[in-house]
Ligand code: GCW
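In mature numbering (1 follows the signal peptide of the UniProt record, and there is no 0), the protein residues as written are -1, 1 to 657.
Laid out in structure tokens, this is it:
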């Protein structure tokens, strides 16, 4: 059935006349090489419609997998080389790498290249060391901000049940270069570190290992109290340090290649070192010492407190920037793409330009908490690319894009994490187009300078069909889709307007929550005179956390990209926008445009019917119908609410909200 289970690994027969290899030749038989051979066999037999044999020598057109005996420096431990040639009078495709995992990545790359019509010869290696999914999966099987069913991890039946789906999960991730996964929610339960759960996690680690995927765990900072019976979790207390060291040893005894800990500390009520008057680096470095050279600590910078009167936008920077250079060598600080929280559009986080002595790991959200869950189509590759290409002017120098900071050229460690959008739904991601966000995350983690458009093209070709009559319009629709969502939810730099708790649907009027910094009114500040958050010197001055040159992107409302306008400026309703229209009219028209574009996506999709199987065609048509309806809901509710503030008439030709 075309239920999406096979993701972009469908391997349907290719129409092209290109003759494909008939055999796979490999010398070794390690679990990873076996996985590569099995994938090539599955892929090539699907694509060619023929049986593909496995041989020790070349006697037919073959793919030959070879681990290099003299290491090739440029390939590193995970890179590969693919070359066409001849051997024993037969055409061959040689995949070579320094390591088995390089061969597996090469096998996936070769299959991708034949499906997308790229030339076979290539050399490639990842630019980022740690390419991780972060699962916000709870031990009870629920997933925080998960919209694709329950958690994949069947903790109840592990360690005995080895669901074959775990292998398919590993295949899918390896196919896009993901090499690690944090199994449990950053809002962590200490229980995940107990012996029974470690035994379960060890089974997952064993299943993922041949695919080059290491497992990591979110660690609850107060675990020494909850599990160890200690009176404190103070990171400078010798008993606490000894507890973590013993815990790390216990983990490594079960999972020898355990990747390390992800930690959310002193954030949204989670325990942390500040509970004991200590700093982030005190906490991170203690865990780093416990792991030693066996693993890493990924310490999250997502911190903000209601007690701090300052603009939430500024708090992570204020807490972390002064500690640049004070983290242990096996610590990365994990920073969300923007300073608020995965909004439909955010300027890049100022920390990316501000901590040159610390490896900064990117945290993107793949699951669409603030972009319509799994129902609204929003291709995030375009969003990730926008963030990664922004110039931070780190050290006052141009050319320090976020991508380059994340690649961490002068650090031993580098990383990119994506909050997973995967669950037990047959199609893994809750909707077919959300698979593209998982795919794009992996490809951009491998190469942060990659092109979102090229990635969407690859994905569309493999997931549906290489027919340009499908690919061209669908990729155009994908590339536009996230702008459309930003337009009908949070136009012109507005942000955090989603309804309370669930974050689905509009709630710009909400102003009664326990914490002011959770209320949408805190962010839009609309009244009868104007709208927007002044983050310049006359306001919170968050802008000053960016390098002087980066500040120029947003300092002047007249010359800036207006898609960020109200993020940084509070302006009068009569303020004249670039179009010549007053701000009020521009705001209403942008909402209206977003809703219209959402409706128009249905038409584009309707025209794709000849190229798509009926099952996926219908499923997508129905989510687009929901999206169009809800885009109108966003438009109507937002226009009506803001009109109650502005008191102004709608611009000519715009329908009144229903
Ligand atoms: O985006 C917000 C979410 C929380 C999440 C938190 C975080 C895991 O609303 O659900 O908690 O951020 O990133 O820690």
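Think of the CB as a built atom: it goes at the ideal place given N, C-alpha and C, for glycine as much as any other residue.
Closest residue to residue i among the options (Cα-Cα distance)
i	options	result
residue 321	167, 353, 339, 566	353
residue 378	135, 44, 366, 571	366
residue 5	387, 462, 246, 127	462
residue 625	600, 646, 637	600
residue 82	115, 95, 470, 334	95
residue 246	277, 208, 332, 288	288
residue 232	270, 434, 483	270
residue 257	373, 179, 550, 591	179
residue 295	310, 251, 277	251
residue 605	108, 468, 26	468
residue 58	238, 49, 1, 85	85
residue 406	430, 359, 373	359
residue 51	70, 66, 18, 68	18
residue 646	579, 538, 556, 528	528
residue 380	398, 417, 244	417
residue 313	372, 254, 538, 106	538
residue 1	431, 103, 398, 241	431
Beta-carbon gap between residue i and residue j smaller than 8 Å
i	j	result
residue 196	residue 260	no
residue 513	residue 131	no
residue 147	residue 422	yes
residue 42	residue 110	yes
residue 262	residue 286	yes
residue 203	residue 226	no
residue 419	residue 401	no
residue 570	residue 506	no
residue 451	residue 383	yes
residue 631	residue 594	yes
residue 31	residue 113	no
residue 581	residue 591	no
residue 279	residue 306	no
residue 264	residue 291	no
residue 497	residue 303	no
residue 355	residue 545	no
residue 596	residue 576	no
residue 659	residue 566	Outside the displayed range of the chain (-1 to 657) lies residue 659, so it cannot be described from this structure.
residue 476	residue 603	yes
residue 89	residue 60	yes
residue 404	residue 396	no
residue 627	residue 598	yes
residue 466	residue 610	yes
Endpoints, beta strand (DSSP E) assigned at residue i
i	result
residue 283	From DSSP, residue 283 is part of no beta strand (DSSP E) but of the alpha helix (DSSP H) over 279 to 290.
residue 260	259 to 262
residue 163	Run containing residue 163: none in the beta strand (DSSP E); it sits in the alpha helix (DSSP H), 163 to 174.
residue 564	First-last for residue 564: 564 to 567, but that is the alpha helix (DSSP H), not the beta strand (DSSP E).
residue 106	Careful: residue 106 lies outside any beta strand (DSSP E), inside the alpha helix (DSSP H) at 99 to 115.
residue 610	It is not in any beta strand (DSSP E) - residue 610 carries neither H nor E in the DSSP assignment.
residue 61	61 to 66
residue 83	79 to 86
residue 133	129 to 133
residue 415	414 to 418
residue 179	179 to 181
residue 121	121 to 123
residue 655	Counting along the chain, residue 655 falls outside any beta strand (DSSP E), and DSSP gives it neither H nor E.
residue 22	22 to 25
First and last residue of the uninterrupted alpha helix (DSSP H) at residue i
i	result
residue 619	613 to 645
residue 587	582 to 605
residue 478	467 to 488
residue 12	Run containing residue 12: none; DSSP gives neither H nor E here.
residue 44	30 to 47
residue 401	401 to 406
Whole runs of the beta strand (DSSP E) within the segment 193 to 241, excluding any shorter than 3 residues: Considered as a whole, the segment 193 to 241 harbours 213 to 217 as its complete beta strand (DSSP E) runs of no fewer than 3 residues, in chain order.
Flag this pair as touching only if the segment 481 to 497 and the segment 572 to 589 have three or more C-beta atom pairs under 8 Å; answer yes or no. Yes, since at least three Cβ pairs between the segment 481 to 497 and the segment 572 to 589 fall closer than 8 Å, the two stretches touch.
Going along the chain, which unbroken runs of the beta strand (DSSP E) with 3 or more residues stay wholly within the segment 301 to 389? Listed in chain order, the complete beta strand (DSSP E) runs (minimum 3 residues) inside the segment 301 to 389 are 330 to 335, 359 to 364.
Validate contact between the segment 222 to 237 and the segment 131 to 143 using beta carbons, cut 8 Å, 3 pairs: These segments do not touch.
Taking 8 Å as the threshold, find out whether the segment 354 to 363 comes into contact with the segment 517 to 537 through three or more Cβ pairs. These segments do not touch.
Is it the case that the segment 107 to 127 contacts the segment 432 to 451, given that we only count it when at least three CB pairs across the two stretches are under 8 Å? As far as the Cβ criterion goes, the segment 432 to 451 touches the segment 107 to 127, which means the pair count is three or higher.
Whole alpha helix (DSSP H) elements within the segment 423 to 468, 4-residue minimum: Complete alpha helix (DSSP H) runs here, min 4: 434 to 445, 451 to 462.
Any alpha helix (DSSP H) of 4 or more consecutive residues that is wholly inside the segment 486 to 553: Taking only runs of at least 4 residues, the alpha helix (DSSP H) segments lying wholly in the segment 486 to 553 are 519 to 523, 547 to 553.
Meets three-Cβ-pair contact criterion under 8 Å: the segment 59 to 76 and the segment 87 to 105: Touching, yes, given that three or more Cβ pairs across the two stretches are closer than 8 Å.
Per the contact definition of three or more C-beta pairs closer than 8 Å, is the segment 428 to 436 in contact with the segment 453 to 471? Verdict: yes, contact present.
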